[in-house]
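Encoded as structure tokens, the structure appears first; notes follow it.
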Amino acid sequence: MTVFAYGEDDIDNPFAAYSQDDVSRLPFGATELDRDGKVVSHQDTEPDDGSGRRGSIVGRDFFGELARWPVVADGFRAGVAEGNLNLVFDCAVPRLTYKLRVHLKISPILGTYWVFVKKLKRQ
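Residue numbers for the sequence shown follow my numbering, beginning at 732 and rising by one.
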């Protein structure tokens with residue numbers, strides 16, 4: 732397994748050369764956003780519920796439609812405006828049995844932004 736250190740000041744974005752198939756094998760949820768928060772690409776770690784109803788989220792407003800977390804959205808907008816996005820939030824969602832770690836990171840080569848979501852044990 733390849734490990735990416737989140738906190739490093741990485742000028743060369745290691746995700747820039749990833750194909751969609753490479754992204755789908757990442758061990759956490761990864762969503763690529765444009766500067767307006769619209770989904771460019773998405774890889775979900777959650778298994779399909781079998782209903783076949785889960786459609787693509789590409790093109791949707793991530794913070795307006797999918798993840799309505801005002802503090803995270805505000806951090807995203809501030810980081811985009813400053814041209815420097817590298818924020819980490821730990822979140823507890825009542826309906827989930829685990830906490831989430833949300834990491835917002837700029838992709839300097841592509842000019843897009845990543846949202847990484849990792850499951851944590853609830854304590």
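Yeah, the Cβ is synthetic: ideal placement off N, Cα and C, and Gly gets one too. Quick caveat, the model's predicted, so the values are computed rather than measured.
{"query": "Could you check how far apart the C-beta atoms of Asp821 and Arg808 are, in whole angstroms? I think they sit under 8 Å.", "result": "Actually they are not in contact, since the Cβ atoms of Asp821 and Arg808 sit about 20 Å apart, beyond 8 Å."}
{"query": "Would you verify that the beta carbon of Asp765 is, or is not, closer than 8 Å to some beta carbon of chain D?", "result": "The chain labelled as chain D is not found in the depicted structure, where only one protein chain is given."}
{"query": "Pick out whichever of Thr843, Leu835, Gly842 has its Cα sitting closest to the Cα of Trp800.", "result": "Leu835"}
{"query": "Return yes when the Cβ of Leu797 is within less than 8 Å of the Cβ of Tyr829, no when it is not.", "result": "no"}
{"query": "Along the beta strand (DSSP E) that carries Ala823, what are the first and last residues, could you check?", "result": "817-823"}
{"query": "Helix, strand or coil for Phe847? Go by DSSP, reduced to three states.", "result": "strand"}
{"query": "With distance defined between alpha-carbon atoms, name the residue in Ile837, Gln774, Leu827, Gly790 nearest to Gly806.", "result": "Ile837"}
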